[in-house]
Ligand SMILES: O=C[C@H](O)COP(=O)(O)O
């Protein structure tokens, strides 16, 4: 068993699914289901990333019922305020008690032309507003063939962290683009290889302490049937889950897979 002091993070990215009423029902049932199963919330952190329009409802429910579930947004503006129609400021997310924000998801990079520079400005904005950025990196199938597994994710992480210094609280999600929504997950060994390289990069850029404290997640076709393999790897500290996070039983089963901390 690998030695780690990092609390695993199981994060559900709902993408553009579930409206605010559906999100309330889902969060209630998830909390009940995990409580019934005696889930150790201190041993494995659970987070959800609903659409923007759900956040206020989710915040109200979680705060009123004191549910041990964390939440964040799926994107943030690089700007604080102003004439940016359709964008959402990090200040607004912080005001809704969001703890996390996903930045640089491959769907943002491809569908909304987000460059490495944009990702970097969003990371800086998140940190400025006290949000923990979940920085997504990952190679396409073509990148994999041309450059091998780690080159593109490492380059993306370096770009995302330009001008970032100090004891920052960040999460990195390694999501090979070819594994997202394809049903073809990376192997645990592949995920570990890239996660280890990403940690080396964190060490170079931000020092030992930050590198040791930063959770590196794997994402891409994670299911209850394959989570155990990923959780066994020493540098994989949890998962960013898309499709399976919309199925209550599947998500609850994934979340319940504990990784031993400090053993
Ligand atoms: O953010 C989550 C990833 O895009 C993974 O999605 P997926 O689990 O549906 O493959």
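In the numbering used here, the protein residues as written are 41 to 303.
Note that the Cβ used here is the ideal one computed from N, Cα and C, for glycine as well.
Remember, predicted model here, so these are calculated numbers, not experimental data.
Look at residue 128: its beta carbon is at least 7 Å from all of the heavy atoms in ligand 1. Between residue 50 and residue 84, the C-beta spacing is below 8 Å.
A straight-line Cα-Cα distance of about 7 Å links residue 206 and residue 246. In the DSSP assignment, residue 160 falls outside any beta strand (DSSP E) and lies within the alpha helix (DSSP H) extending over 156-168. Setting aside the 5 residues that flank it on each side, residue 126 has no residue in the same chain whose C-beta is closer than 7 Å to its C-beta.
Ranked by Cα distance from residue 134, the first of 95, 161, 159 is 95.
Excluding its 5 nearest sequence neighbours in each direction, residue 222 has C-beta neighbours in its own chain below 8 Å: 260, 261, listed in chain order. Taking a 10 Å sphere around the C-beta of residue 77, we find fewer than 16 other C-beta atoms and assign the residue as exposed. Proximity to residue 203 across 209, 161, 183, 98 peaks at 161, based on C-alpha coordinates. Contact between residue 256 and residue 275 holds, since their C-beta atoms are separated by about 6 Å, short of 8 Å. In the DSSP assignment, residue 173 forms a beta bridge with 141. Excluding sequence positions up to five before and after residue 124, its CB lies within less than 7 Å of the CB of 117, all in the same chain and listed in chain order.
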